[in-house]
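Asker:
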Amino acid sequence: MEYDNNPSDQSWKLIILIPGVKFMQQICCALIAVAQEAIRGNSTSTFDLVRCKLTLFYDYWQMNEILEALLPRDMVIPSAFETVGHIAHLNLRDEHLPYKKLIAKVVLDKNKPKIQTVVNKIDAIHNDYRTMQLEVLAGNHSLVTMVVENGLRFQVDLAAVYWNSRLASERQRLLNDFAHHDVLCDVFAGVGPIALSAAKIVKHVYANDLNPCAVQYMEKNSVLNKLERHIEIFNMDGRRFIDAMFASQKAHSITQVVMNLPNDAVEYLDAFRGVFKDKPKDKEYALPMIHVYGFSKARDPEFDFHERIRIALQEVAVNVEMRRVRHVAPGKWMLCASFRLPKSVAYAHAMLRM
Numbered sequence: 034m035e036y037d038n039n040p041s042d043q044s045w046k047l048i049i050l051i052p053g054v055k056f057m058q059q060i061c062c063a064l065i066a067v068a069q070e071a072i073r074g075n076s077t078s079t080f081d082l083v084r085c086k087l088t089l090f091y092d093y094w095q096m097n098e099i100l101e102a103l104l105p106r107d108m109v110i111p112s113a114f115e116t117v118g119h120i121a122h123l124n125l126r127d128e129h130l131p132y133k134k135l136i137a138k139v140v141l142d143k144n145k146p147k148i149q150t151v152v153n154k155i156d157a158i159h160n161d162y163r164t165m166q167l168e169v170l171a172g173n174h175s176l177v178t179m180v181v182e183n184g185l186r187f188q189v190d191l192a193a194v195y196w197n198s199r200l201a202s203e204r205q206r207l208l209n210d211f212a213h214h215d216v217l218c219d220v221f222a223g224v225g226p227i228a229l230s231a232a233k234i235v236k237h238v239y240a241n242d243l244n245p246c247a248v249q250y251m252e253k254n255s256v257l258n259k260l261e262r263h264i265e266i267f268n269m270d271g272r273r274f275i276d277a278m279f280a281s282q283k284a285h286s287i288t289q290v291v292m293n294l295p296n297d298a299v300e301y302l303d304a305f306r307g308v309f310k311d312k313p314k315d316k317e318y319a320l321p322m323i324h325v326y327g328f329s330k331a332r333d334p335e336f337d338f339h340e341r342i343r344i345a346l347q348e349v350a351v352n353v354e355m356r357r358v359r360h361v362a363p364g365k366w367m368l369c370a371s372f373r374l375p376k377s378v379a380y381a382h383a384m385l386r387m
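With positions in the sequence shown counted from 1, the corresponding number in the working numbering is that position plus 33.
1. Hey, how far is the Cα of A379 from the Cα of V109?
2. Tell me the DSSP secondary structure of K112 in three-state form.
3. Assuming L167 and N153 form a contact by the criterion Cβ under 8 Å, report the distance between their Cβ atoms to the nearest whole angstrom.
4. Taking the straight line between their C-alpha atoms, what separation do you get for P334 and T288?
5. Answer with buried or exposed for D323, where buried requires no fewer than 16 other C-beta atoms within 10 angstroms of its C-beta.
6. Excluding five sequence neighbours on each side, which residues of the same chain lie with their C-beta closer than 6 Å to the C-beta of A192?
7. With 16 as the cutoff for other CB atoms within 10 Å, does H119 come out buried or exposed?
8. For Y326, which residues from the same chain have a beta carbon less than 6 Å from its beta carbon, with the 5 sequence-adjacent residues on both sides left out?
9. Are M355 and F328 close, meaning C-beta to C-beta below 8 Å?
10. Shortest alpha-carbon distance to N254 belongs to which of V181, V140, W94 and L100?
11. Using the Cα positions of F338 and R126, report the straight-line distance between them to the nearest angstrom.
12. Just mark T150 as buried or exposed, buried being the case when its beta carbon has 16 or more other beta carbons within 10 Å.
13. Cutting at 6 Å between CB atoms, please list the residues of its own chain near F279, excluding the five before and the five after it.
14. I'd like to check one pair, P375 with E348: are the Cβ atoms closer than 8 Å?
15. Counting along the chain, where does the alpha helix (DSSP H) carrying R343 start and finish?
16. Mind checking whether H263 and V290 have CB atoms under 8 Å apart?
17. Cα separation between K138 and V194?
18. Just to check my reading of the structure: L20 and K233 have Cβ atoms closer than 8 Å, yes? What is that Cβ distance to the nearest angstrom?
19. In whole angstroms, give me the CA-to-CA distance for L302 and N352.
20. Can you tell me where the alpha helix (DSSP H) holding V139 begins and where it ends?
21. Express the C-alpha separation of R373 and I275 in angstroms, rounding to a whole number.
22. According to DSSP, is E168 helix, strand or coil?
23. Do the CB positions of V224 and V117 come within less than 8 Å of each other?
24. Could you pull out every residue in the same chain whose Cβ sits closer than 7 Å to the Cβ of L170, ignoring the five residues on either side in sequence?
25. Pull up the DSSP beta-bridge partners for F187, would you.
26. Looking at N97: is its Cβ nearer than 8 Å to the Cβ of Y162?
27. Our contact map puts L229 next to N258 with C-beta atoms below 8 Å; I'd like the distance itself, whole angstroms only.
28. Identify which residue in N241, D210 and V220 has its Cα closest to the Cα of I235.
29. Can you say whether V220 is buried or exposed, counting buried as having 16 or more other CB atoms within 10 angstroms of its CB?
30. Is it buried or exposed for L89, if we count other Cβ within 10 angstroms and need 16 for buried?
31. The beta strand (DSSP E) with Y326 in it runs from where to where?
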């Protein structure tokens with residue numbers, strides 16, 4: 034019996050076989066075995082093996098497959114992107130820029146409805162507010178979005194504040210180190226991913242950021258998540274914030290300090306020199322744990338970061354737990370150093386600013 038490729042012939046069903054099967058002999062053997070089983074069951078089914086042409090349209094293909102077909106053969110396919118709410122955040126290389134609109138259109142098409150906007154970072158972060166220059170390449174132009182992390186909702190405007198979804202696991206790791214009795218001081222809190230998540234765990238949180246827009250969103254997010262009674266929010270320079278927190282009566286209770294500003298945070302460690310120098314000597318004060326983040330391009334990033342901490346504190350911090358957080362670029366690591374504030378630093382009489 035021959036197959037006449039007539040779609041009106043309802044007595045036939047066409048079964049599309051797996052494209053990865055390369056050996057026709059194996060296919061034939063498999064089908065013969067199936068047919069023999071059908072015969073043993075007194076089935077009247079008949080089958081034939083035919084070749085057919087199948088046209089697969091745009092909707093069938095995955096994002097990477099389309100980009101591989103459309104972009105030059107020797108080009109690295111930009112398949113990875115950061116998701117911030119409804120926004121896909123690309124970091125395109127120079128070689129991708131002539132094709133940026135095409136790439137963004139494919140990313141948008143293949144990730145709807147979750148993704149509604151595709152942006153590309155134009156330049157590295159250089160300003161004090163950690164905001165990025167972003168170009169909208171596809172979709173709607175709204176950069177205000179909602180991110181869900183640790184069961185909390187964070188409203189974010191990527192044009193005005195900093196957010197990095199790729200640090201979610203690192204933030205969770207840090208939160209796992211906090212206990213109910215802790216009091217947290219978050220020096221560079223942004224819109225509050227660490228501060229507000231910690232507010233569900235610790236006794237109290239003092240959170241600060243230099244960027245007034247970040248502070249505004251942190252206040253909104255504290256209300257949005259009904260945590261405003263567990264957090265106090267400040268809009269100050271990081272060094273002034275440290276001075277203010279430890280000069281007040283709050284100083285005795287702060288047990289954890291987070292300094293997540295990788296470009297510059299280590300330079301602010303000198304603010305801890307002498308923070309307890311005016312405290313009564315007859316009372317013992319608990320020294321806080323410091324968690325400071327930084328970048329290093331050195332061959333030995335841990336040694337390099339430890340040295341920068343020593344220079345900033347003007348003392349050697351002991352029992353430093355050093356972790357590589359992530360590889361941000363070729364030869365460049367983001368690290369986190371956690372250590373107890375040295376007593377000699379906290380009670381130093383001279384605050385020697387570098």
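Glycine included, each C-beta is placed from N, C-alpha and C at the ideal position.
Quantities reported herein were computed from a predicted structural model and do not represent experimental measurements.
Answerer: On the basis of the coordinates in this document:
1. Indexing the sequence shown from 1 puts residue 379 at position 346. Indexing the sequence shown from 1 puts residue 109 at position 76. The C-alpha of V109 is placed about 51 Å away from the C-alpha of A379.
2. As a working note, residue 112 is residue 79 in the sequence shown. In the sequence as displayed, the identity of residue 112 is Ser instead of Lys. When DSSP states are grouped into helix, strand and coil, S112 belongs to the coil group.
3. Translated into positions along the sequence shown, residue 167 becomes position 134. Translated into positions along the sequence shown, residue 153 becomes position 120. The C-beta distance from L167 to N153 rounds to 7 Å, short enough to fall under 8 Å.
4. Position 301 of the sequence shown, counting from 1, holds the residue named residue 334. Position 255 of the sequence shown, counting from 1, holds the residue named residue 288. Cα to Cα, P334 sits roughly 27 Å from T288.
5. Along the sequence shown, one-based indexing puts residue 323 at 290. A small fix is needed here, since residue 323 is Ile in this sequence, not Asp. Buried, because 16 or more other Cβ atoms sit within 10 Å of the Cβ of I323.
6. The count along the sequence shown starts at 1 and reaches residue 192 at position 159. Within the same chain, and ignoring the five residues on either side of A192 in sequence, the residues whose Cβ sits closer than 6 Å to its Cβ are L176.
7. In the sequence shown, counting from the first residue as 1, residue 119 sits at position 86. Buried.
8. The residue given as residue 326 occupies position 293 in the sequence shown. So the qualifying residues of the chain are N293, P295, A298 and C369.
9. In the sequence shown, the residue the question calls residue 355 occupies position 322. In the sequence shown, the residue the question calls residue 328 occupies position 295. No, these two residues do not count as a Cβ contact at 8 Å.
10. Here residue 254 refers to the residue found at position 221 of the sequence shown. The shortest Cα separation from N254 among V181, V140, W94 and L100 belongs to V181.
11. Position 305 of the sequence shown holds residue 338. Position 93 of the sequence shown holds residue 126. Using only the alpha carbons, I get a separation of about 28 Å.
12. Position 117 of the sequence shown, counting from 1, holds the residue named residue 150. Looking at its Cβ environment, which holds 16 or more other Cβ atoms inside 10 Å, T150 is buried.
13. Taking the first residue of the sequence shown as position 1, residue 279 is located at position 246. The answer, listed in chain order, is V308.
14. Within the sequence shown, residue 348 is the residue found at index 315, counting from 1. Within the sequence shown, residue 375 is the residue found at index 342, counting from 1. Their beta carbons are under 8 Å apart, which means E348 touches P375 by this criterion.
15. Position 310 of the sequence shown, counted from the first residue, corresponds to residue 343. Boundaries of the alpha helix (DSSP H) around R343: P334 to L346.
16. Against the sequence shown, residue 263 aligns to sequence position 230. Against the sequence shown, residue 290 aligns to sequence position 257. Not a contact, by the Cβ cut-off of 8 Å.
17. Taking the first residue of the sequence shown as position 1, residue 138 is located at position 105. Taking the first residue of the sequence shown as position 1, residue 194 is located at position 161. Distance from the CA of K138 to the CA of V194, rounded to the nearest whole angstrom, comes to 25 Å.
18. Absent from the model: residue 20. The displayed extent of the chain is 34 to 387, so no value can be given.
19. As a position in the sequence shown, residue 302 is number 269, starting the count at 1. As a position in the sequence shown, residue 352 is number 319, starting the count at 1. Counting only the Cα atoms, N352 lies some 17 Å from L302.
20. Working through the sequence shown from its first residue, we reach residue 139 at position 106. Where V139 is concerned, the enclosing alpha helix (DSSP H) stretches over K133 to K143.
21. Numbered from 1 along the sequence shown, position 242 holds the residue referred to as residue 275. Numbered from 1 along the sequence shown, position 340 holds the residue referred to as residue 373. In a straight line, the C-alpha of I275 is about 16 Å away from that of R373.
22. The sequence position of residue 168 within the sequence shown is 135, counting from 1. Residue state, collapsed to three classes: strand.
23. If you number the sequence shown from 1, residue 224 lands on position 191. If you number the sequence shown from 1, residue 117 lands on position 84. In this structure, V224 lies away from V117, with their beta-carbon atoms at least 8 Å apart.
24. Counting from one through the sequence shown, the residue named residue 170 turns up at place 137. Excluding five sequence positions before and after L170, the CB atoms of its chain that fall closer than 7 Å to its own CB belong to K133, K134, A137, V151, V152 and N153, given in chain order.
25. Here residue 187 is taken as the residue at index 154 of the sequence shown, counted from 1. F187 pairs with V180.
26. For this step, residue 97 is matched to residue 64 along the sequence shown. For this step, residue 162 is matched to residue 129 along the sequence shown. Taking 8 Å as the Cβ cut-off, N97 and Y162 do not qualify as a contacting pair.
27. Taking the first residue of the sequence shown as position 1, residue 229 is located at position 196. Taking the first residue of the sequence shown as position 1, residue 258 is located at position 225. L229 to N258, Cβ: 6 Å. Contact.
28. Start at 1 with the first residue of the sequence shown, and residue 235 comes out as number 202. Position check: residue 235 holds Val in this sequence, whereas Ile was assumed. If we check each option's Cα against that of V235, D210 comes out closest.
29. What you label residue 220 is simply residue 187 of the sequence shown in a count that begins at 1. By the 10 Å Cβ count, V220 comes out buried.
30. Within the sequence shown, numbered from 1, the residue matching residue 89 stands at position 56. Under this definition L89 is an exposed residue.
31. Mapped onto the sequence shown, residue 326 falls at position 293. Y326 -> beta strand (DSSP E) spans M322 to S329.
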